[in-house]
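J.: Protein sequences, first through last, are from chains W and C. With my numbering applied, the first sequence corresponds to residues 3 to 132, in that order. With my numbering applied, the second sequence corresponds to residues 1403 to 1517, in that order.
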Amino acid sequence: MSRKPFVRPVPATTWYMRNGRYLRYMAREVSSLFIGLYMAGLAMGLMRLAQGPDAWNAYLTALSSPLALVFHVLAFAFATYHATTWFNATPKAMRIRWGDGYVPGPTVVRAHYALWGLVSLVILVLVGVI
Amino acid sequence: MAKSNKPIVWGLFAVGGTVAAFCVPALILAHGLLVPLGVFGENALSYERVSAVIGFLPVKIVVLGVVILTLWHAAHRIRVTMHDFGIRKDDMVAMLCYGAAGLLTATALLGVMAV
Chain W
3 MSRKPFVRPV
13 PATTWYMRNG
23 RYLRYMAREV
33 SSLFIGLYMA
43 GLAMGLMRLA
53 QGPDAWNAYL
63 TALSSPLALV
73 FHVLAFAFAT
83 YHATTWFNAT
93 PKAMRIRWGD
103 GYVPGPTVVR
113 AHYALWGLVS
123 LVILVLVGVI
Chain C
1403 MAKSNKPIVW
1413 GLFAVGGTVA
1423 AFCVPALILA
1433 HGLLVPLGVF
1443 GENALSYERV
1453 SAVIGFLPVK
1463 IVVLGVVILT
1473 LWHAAHRIRV
1483 TMHDFGIRKD
1493 DMVAMLCYGA
1503 AGLLTATALL
1513 GVMAV
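(1) Let me check one thing: in DSSP terms, what residues is W/R23 bridge-paired to?
(2) On the criterion of 16 or more Cβ atoms from any shown chain inside 10 Å, does W/P11 qualify as buried, or is it exposed?
(3) Counting Cβ pairs, one atom from each stretch, are 3 or more of them under 8 Å apart for the segment 30 to 41 of chain W and the segment 1462 to 1479 of chain C?
(4) Whose CA, out of C/V1426, C/G1419, C/G1413, lies closest to the CA of W/G43?
(5) May I have the straight-line CA-CA distance separating C/G1440 from W/R112, to the nearest angstrom?
(6) Name the one or two DSSP bridge partners that W/R99 has.
(7) Quick check: what's the CA-CA separation for C/I1412 versus C/M1484?
(8) Can you list the residues of chain C that W/I125 reaches, using a CB-CB cut of under 8 Å?
(9) Can you give the beta carbon distance from W/W118 to W/A85, rounded, assuming they're within the 8 Å contact cut?
(10) So, using beta-carbon positions, are W/A45 and C/A1510 closer together than 7 Å?
(11) Say the cut is 6 Å; is the CB of W/L71 nearer than that to a heavy atom of the ligand NAD?
(12) Would you mind telling me which residues of chain W sit closer than 9 Å to C/G1513, beta carbon to beta carbon, in chain order?
(13) Going by CA-CA distance only, name the one from C/V1517, C/A1446, C/M1497, C/P1438 that's closest to W/A64.
(14) When burial is assigned at 16 or more other CB atoms within 10 Å of the CB, is W/I98 buried or exposed?
(15) When you compare the CB of C/L1473 with every CB in chain W, is at least one pair closer than 7 Å?
(16) Quick check: is the beta carbon of C/Y1449 nearer than 7 Å to any beta carbon in chain W?
(17) Among the candidates C/A1416, C/L1447, C/A1423, whose CA atom is the shortest distance from the CA of W/V127?
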C-alpha cells in the first residue's frame, strides 16, 4: 500500500507563462512556426515563378500587402531569435580539438556570428542586385 | 533493437536549424521586407531576372537545399512544440507536420525544376 503521491499541478497549456526562462524557451520553440510559415510562402512563390510572369507579379503584389508585411516583421524577429539561440548553443553541440585541448566556447560562438554576418550580407546584396 | 526514424528527423532538424539560422533572417529582411517596401527599387525581383538566375543549376540546388532543409527543421520543431502546448496526440501531429513538409518540399521541387 502506497500513499497517494503528491503531483504538483502544472497547467498543460499555460505552464510557460509563470517564468521568464520558460517563456524564452517557448519563444525559441515557436520561432519554428514563423520560420515554417515563411518557408511555406517561399515554396509557393517558387511555384508561382514556374507558372509565368503574371503569377509571379501577383505573388510580388501579395508580398506588399499590410498583412504580409506585419507577418514578415514578426517572422524576422523570431528568425533572428532562433539564430542567436542556435549559435549561442554551438559550443555545447560541437567540441573542436585544438592541440591538447579544445577550441574555447566563446571562440566557436564568435566564429558563427562572423559567418552569419557574412552570409547575411551576401544574401542582402544578391537579392538587392536581382 | 527496434528500428527508429529518430536519427533521420533529428539529423534534418540539426542541419536545417543551422541553415535556417545562417540564411533565414537575411532572407526575410531582403525578400519579405526590403523588396516590398521598395528599398531595392521598383523592378527588384523582376520575373525576367529571377527566372534567369533560378534557371542556373547550381542556384537551383542551393535554393532547394535552403528551402527543403529549413522546412524539415521547422516541421520537427513544431511537432515537439505542440506537446509543450498541451497537445498529446503526437501521432496525428507528426503526420500533419511531416506531411505538410513533404507537400511543400514537392511544391518547391516542382516549381524550381520547371523554371
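Glycine residues also receive a C-beta, built at the ideal position from the N, C-alpha and C atoms.
T.: According to the structure shown:
(1) Indexing the first sequence from 1 puts residue 23 of chain W at position 21. Partner(s): none; W/R23 has no beta bridge.
(2) For the purposes of this step, residue 11 of chain W is taken as residue 9 along the first sequence, with counting starting at 1. Exposed.
(3) In short, these stretches touch, since the Cβ pair count reaches three.
(4) By 1-based counting over the first sequence, the position of residue 43 of chain W is 41. That would be C/V1426, whose Cα lies nearest to the Cα of W/G43.
(5) On the second sequence, position 38 is the one that residue 1440 of chain C refers to. On the first sequence, position 110 is the one that residue 112 of chain W refers to. For C/G1440 and W/R112, the distance between alpha carbons rounds to 33 Å.
(6) Taking the first residue of the first sequence as position 1, residue 99 of chain W is located at position 97. Per DSSP, W/Y104.
(7) Here the question's residue 1412 of chain C lines up with position 10 in the second sequence. Here the question's residue 1484 of chain C lines up with position 82 in the second sequence. According to the sequence displayed, residue 1412 of chain C carries Trp and not Ile. Approximately 17 Å between the Cα atoms of the pair.
(8) The count along the first sequence starts at 1 and reaches residue 125 of chain W at position 123. Going along chain C in sequence order, the residues near W/I125 (Cβ under 8 Å) are C1425, A1428, L1429, A1432.
(9) For this step, residue 118 of chain W is matched to residue 116 along the first sequence. For this step, residue 85 of chain W is matched to residue 83 along the first sequence. Their Cβ separation, rounded to whole angstroms, is 6 Å, which keeps W/W118 and W/A85 in contact under 8 Å.
(10) Numbered from 1 along the first sequence, position 43 holds the residue referred to as residue 45 of chain W. Numbered from 1 along the second sequence, position 108 holds the residue referred to as residue 1510 of chain C. Against a cut-off of 7 Å, the Cβ pair of C/A1510 and W/A45 comes out as a contact.
(11) This structure lacks the ligand NAD, and indeed carries no ligand of any kind.
(12) Locating residue 1513 of chain C in the second sequence gives position 111, counting from the first residue. By Cβ distance, chain W contributes A45, M46, G47, L48, M49, R50, L51, A52, Q53.
(13) Along the first sequence, one-based indexing puts residue 64 of chain W at 62. The option with the nearest alpha carbon to W/A64 is C/P1438.
(14) Numbered from 1 along the first sequence, position 96 holds the residue referred to as residue 98 of chain W. It counts as exposed.
(15) The residue labelled residue 1473 of chain C in the question sits at position 71 within the second sequence. With 7 Å as the cut-off, C/L1473 counts as an interface residue toward chain W.
(16) Position 47 of the second sequence, counted from the first residue, corresponds to residue 1449 of chain C. For C/Y1449, the answer is yes, since a Cβ of chain W falls inside 7 Å of its Cβ.
(17) Within the first sequence, residue 127 of chain W is the residue found at index 125, counting from 1. That would be C/L1447, whose Cα lies nearest to the Cα of W/V127.
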